[in-house]
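Peer 1: Attaching a single structure in structure tokens format; questions to follow.
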Amino acid sequence: MYLRRRKRVAYVTSFKCPVIGNVGGTADYVRPFQETETGRFFMEDEQMNEKLEQIKAEAMAKIKAASDLDALNDVRVSQLGKKGALTSILKGMKDVSAEERPKIGQMVNEARAEIEAALEAQKKAMESKVREAKMKSEVIDVTLPAKKLKVGHKHPNMIALEEMEDIFIGMGYEVVEGPEVEKDYYNFEALNIPADHPAKDEQDTFYVNGDILLRTQTSSAQVHEMEKGRIPIKMISPGRVFRADEVDATHSPSFHQVEGLLIDEHVTFADLKGTLAEFSKEMFGADTKVKFRPHHFPFTEPSAEMDVSCFKCGGKGCRFCKGSGWIEILGCGMVHPHVLEMSGIDPEKYNGFAFGIGLERIALLKYEIDDMRLLYENDIRFLNQF
Ligand code: 2NL
2 MYLRRRKRVA
12 YVTSFKCPVI
22 GNVGGTADYV
32 RPFQETETGR
42 FFMEDEQMNE
52 KLEQIKAEAM
62 AKIKAASDLD
72 ALNDVRVSQL
82 GKKGALTSIL
92 KGMKDVSAEE
102 RPKIGQMVNE
112 ARAEIEAALE
122 AQKKAMESKV
132 REAKMKSEVI
142 DVTLPAKKLK
152 VGHKHPNMIA
162 LEEMEDIFIG
172 MGYEVVEGPE
182 VEKDYYNFEA
192 LNIPADHPAK
202 DEQDTFYVNG
212 DILLRTQTSS
222 AQVHEMEKGR
232 IPIKMISPGR
242 VFRADEVDAT
252 HSPSFHQVEG
262 LLIDEHVTFA
272 DLKGTLAEFS
282 KEMFGADTKV
292 KFRPHHFPFT
302 EPSAEMDVSC
312 FKCGGKGCRF
322 CKGSGWIEIL
332 GCGMVHPHVL
342 EMSGIDPEKY
352 NGFAFGIGLE
362 RIALLKYEID
372 DMRLLYENDI
382 RFLNQF
């Protein structure tokens, strides 16, 4: 607006010498000046100065009033942008005489610099305020207790199994697992249970087809080891086995077994008794006694069942051992020569013993659980007790 007014008086282009009086082509404009210590200042400079002060004051007020960074940016655009008051002064510079242009340019630049500095200072202040607020709102209390992770619990079967494994590993045995889906041959035939054997009725299992079934004992894993022909063999094979049984407090169609096998030269029944007596002491307590009763298994000869003295009453007789003082734990025997032969081991040179333990039975006894079904429900309130 200021420049337009100057334009209207149209003196500038012909203005040469700043003296009082008519100068240049127009007669209606007199350019007054003021003598100061630093030089001559024309009233135009004064007016320009005033105008710039006014622009600055307006800009400062707007900067102060800006409520946030966006508003502050709007102020920057409106004050220093293409449509801003300062820019329009600069645009009008072409109408200013060459002599005055540097001075006015400098004044405008100074004003611009002041506004820019104020904008920058305000921006910094706002940013630090925003940062402070953010930091306050995001404060983390490192002293708060951590969220508790819900961790599961080891199954009593697993606790008992690991204990048994540790005992046998301590005696030099290897832990070897085999497939749960097995050929009829490895599950029955190779263990001296031919097709017409009555034991096959007892152990009726789940068949995948006529030849493939879910194993009824982990002995099949041991037959695979015997076939490899690396003797001596000292192994236990834990794992899931299957029987076509109805569920009740003592039966399940799927349970777990730990079988043991030792094959070497000159193995005796005394070795079997000593090994299992030592295992029982470690598993059920140092005072545990063992008792062997003759039995029959197709795959061992002779065969026996082993009882341990009741670890509740020490053998006196209680509710736990049904008054007998003994608890039946496992089946065992000397490996049948025919079983060795079928797997390619010379029964004249080698012999051995084997045993089979029901894992659930051990877990039920050890933890005094009276219903096997509790072991399969996996209720965390039950499992957490062991
Ligand atoms: C039981 C009886 C037994 C075996 C398992 C076995 C394995 C091979 C050869 C000979 Cl490869 N025997 N195993 C021997 C005697 C008894 O288990 O009532 N288990 C729960």
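In our numbering, the protein residues as written are 2 to 387. Note that the Cβ used here is the ideal one computed from N, Cα and C, for glycine as well. The model shown is predicted, which means the values in this text are computed figures rather than measured ones.
1) Nearest-angstrom Cα distance between Asn379 and Phe243?
2) So Val336 packs on Ile264, CB below 8 Å; how close in whole Å?
3) Between which residues of its own chain and Gly345 is the CB-CB distance below 8 Å, once the five residues before and five after are set aside?
4) Are the CB atoms of Gln223 and Glu260 within a distance shorter than 8 Å?
5) Taking 6 Å as the limit between beta carbons, can you name the residues of its chain near Phe256, skipping five residues before and five after?
6) Distance, Cα to Cα, Val31 vs Ser79?
7) May I ask you to check if the CB of Phe356 is nearer than 7 Å to at least one heavy atom of the ligand 2NL?
8) With a threshold of 8 Å, are at least 3 pairs of Cβ atoms found where one atom belongs to the stretch 326-342 and the other to the stretch 290-304?
9) Would you give the residue range spanned by the alpha helix (DSSP H) that Asn110 belongs to?
10) Since I believe Ser220 is in contact with Phe300 (beta carbons under 8 Å), could you give me their beta-carbon distance rounded to a whole number of angstroms?
11) What whole-angstrom Cβ distance do Leu262 and Met307 have, given they're in contact under 8 Å?
12) I'd like to confirm something about Glu260: is its beta-carbon nearer than 7 Å to some heavy atom of the ligand 2NL, or not?
13) Measure the C-alpha to C-alpha separation of Tyr377 and Ile370 and round it to an integer number of angstroms.
14) Buried or exposed: which applies to Thr144, given that a residue is buried once 16 or more other Cβ atoms fall within 10 Å of its Cβ?
15) Using DSSP with H/G/I as helix, E/B as strand and the rest coil, what is Ala86?
16) Report yes if the C-beta of Leu366 is less than 7 Å from at least one heavy atom of the ligand 2NL; otherwise report no.
17) From the DSSP output, in three-state form, read off Pro299 for me.
18) Below 8 Å between beta carbons: does that hold for Met108 and Leu53?
19) Could you spell out the range, first to last residue, of the alpha helix (DSSP H) harbouring Ala271?
20) So the alpha helix (DSSP H) Gln218 belongs to, where does it begin and stop?
21) For the beta strand (DSSP E) containing Phe354, name the first residue and the last one.
22) Examine the ligand 2NL and report whether any of its heavy atoms sits within less than 7 Å of the Cβ of Ser220.
23) Do Val340 and the ligand NAP come close, with the Cβ less than 7 Å from some heavy atom?
24) Give me, in chain order, the residues of the same chain whose beta-carbon lies closer than 8 Å to that of Phe383; leave out the 5 immediate sequence neighbours on both sides.
25) Classify Leu145 as helix, strand or coil using the three-state DSSP reduction.
26) Taking only three categories from DSSP, how would you classify Phe383?
27) Measure the Cβ-Cβ separation of Leu73 and Met127 and say whether it is below 8 Å.
28) Compute every distance between the C-beta of Gly334 and the non-hydrogen atoms of the ligand 2NL, then say whether any falls below 7 Å.
29) In angstroms with no decimal places, state the Cα-to-Cα distance between Met61 and Gly85.
30) Under 6 Å Cβ to Cβ from Tyr187, same chain only, skipping five residues before and after it: list those, please.
Peer 2: In short:
1) Taking the Cα positions, Asn379 is about 19 Å away from Phe243.
2) With 8 Å as the limit, Val336 and Ile264 qualify as a contact, their Cβ atoms being about 7 Å apart.
3) Met227, Glu228, Gly230
4) yes
5) Glu361
6) Confidence is the limiting factor: at Val31 the pLDDT is only 46, short of 50, which leaves the residue's position unreliable and the question unanswerable from this model.
7) Within the chosen limit of 7 Å, the ligand 2NL reaches the beta carbon of Phe356 through at least one heavy atom.
8) yes
9) Element bounds for Asn110: 102-138.
10) 7 Å
11) With 8 Å as the limit, Leu262 and Met307 do not qualify as a contact, their Cβ atoms being about 16 Å apart.
12) yes
13) Rounded to the nearest whole angstrom, the C-alpha separation of Tyr377 and Ile370 is 12 Å.
14) exposed
15) helix
16) Set against 7 Å, the gap from the CB of Leu366 to the closest heavy atom of the ligand 2NL is not smaller.
17) coil
18) Cβ distance < 8 Å, so Met108 and Leu53 count as in contact.
19) 270-285
20) Segment: none, Gln218 is in no alpha helix (DSSP H) and carries neither H nor E.
21) Segment 352-359, the beta strand (DSSP E) holding Phe354.
22) Answer for Ser220: yes, Cβ within range of the ligand 2NL.
23) Because the ligand NAP does not appear in the structure shown, any question about it cannot be addressed here, the ligands present being the ligand 2NL.
24) Sequence-distant Cβ neighbours of Phe383 in its own chain, meaning closer than 8 Å and more than five residues away, are Leu375.
25) coil
26) helix
27) yes
28) A distance criterion of 7 Å places the beta-carbon of Gly334 in contact range of the ligand 2NL, judged by its closest non-hydrogen atom.
29) 14 Å
30) Result list for Tyr187: Ser221, Val224, in chain order.
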